[in-house]
Amino acid sequence: MAFREAGLPLDMIPPHVKPCGPIVLDVVPAEAQDGELAMWLKKASTMLVNLGSGVQYDEQMARAMADALVPVLQSTNAQALWKLSKIGEYSDDLLRPLENYVKSGRLRLETWLNVDPVLLLRTGKETAPVWHANALSEGFMASLTGEEARA
């Protein structure tokens with residue numbers, strides 16, 4: 001979760017302070033955390049839709065994301081993994097345009113990810129993250145390899 005206090009603007013960075021990007025640990029491989037999901041990711045290029053652990057979708061937000069996923073899935077052979085945690089009571093009818101993609105296995109809807117997102121992005125084929133881009137930007141970290149990630 002993001003905290004307003006962590007984003008204070010600094011006009012000057014003291015010389016003894018060394019800024020560092022998100023601290024993301026590769027502790028356990030994705031295959032060990034959720035082998036079935038890791039295998040699914042290897043089937044096709046994947047779009048990971050994860051707006052963070054604190055984000056819950058109300059009906060309007062869920063409908064907007066569902067409407068955004070439809071043309072991507074229609075125009076590509078990609079698959080999508082959408083972390084959809086709902087807030088409030090509303091019908092799943094808004095997901096009806098995605099029903100065939102869920103049935104065919106090209107779209108997975110999960111309320112929680114059992115694998116660290118950065119590790120998901122480093123498994124299988126090419127992945128494209130859709131995320132909130134805060135200080136814990138797993139999408140950015142997953143794009144780094146080797147020495148870049150350890151710098």
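Numbers 1 to 151, taken from full-length UniProt numbering, label the letters of the sequence shown in order.
Cβ coordinates follow ideal geometry from the N, Cα and C atoms, glycine included.
Keep in mind the model is a prediction, meaning the values are calculated, not measured.
Reference residue i; option with closest CA among the options
{"i": "GLU110", "options": "ASN50, GLU31, VAL130, LYS42", "result": "ASN50"}
{"i": "LEU98", "options": "ILE87, SER85, ALA80", "result": "ALA80"}
{"i": "LEU84", "options": "ALA78, MET65, THR76, ASP93", "result": "MET65"}
{"i": "LEU94", "options": "PRO129, VAL27, TRP40, ARG63", "result": "ARG63"}
{"i": "LEU113", "options": "SER53, VAL130, TRP40", "result": "SER53"}
{"i": "ILE87", "options": "VAL55, GLY105, ASN77", "result": "VAL55"}
Buried or exposed (CB count within 10 angstroms, at least 16 for buried), residue i
{"i": "LEU120", "result": "buried"}
{"i": "LEU10", "result": "exposed"}
{"i": "VAL27", "result": "exposed"}
{"i": "GLY122", "result": "The residue asked about is misnamed: residue 122 is Arg in this sequence, not Gly. By the neighbour-count rule (16 or more Cβ atoms within 10 Å), ARG122 is buried."}
Those residues which DSSP pairs with residue i across a bridge
{"i": "ARG63", "result": "The partner list for ARG63 (beta bridge, DSSP) is empty, contrary to what the question assumes."}
{"i": "THR127", "result": "THR46"}
{"i": "TRP82", "result": "VAL49, LEU109"}
Residue j beta carbon less than 8 Å from that of residue i
{"i": "ALA44", "j": "LYS125", "result": "yes"}
* Touch check for the stretch 13-21 and the stretch 43-61: three-plus C-beta pairs under 8 Å? -> With a cut-off of 8 Å on Cβ pairs, the stretch 13-21 is not in contact with the stretch 43-61, counting fewer than three such pairs.
* **At least three beta-carbon pairs within less than 8 Å, the stretch 31-40 to the stretch 57-68** => These segments do not touch.
* Touch test, the stretch 35-42 against the stretch 62-74, Cβ-Cβ under 8 Å, three pairs minimum -> No, they do not touch.
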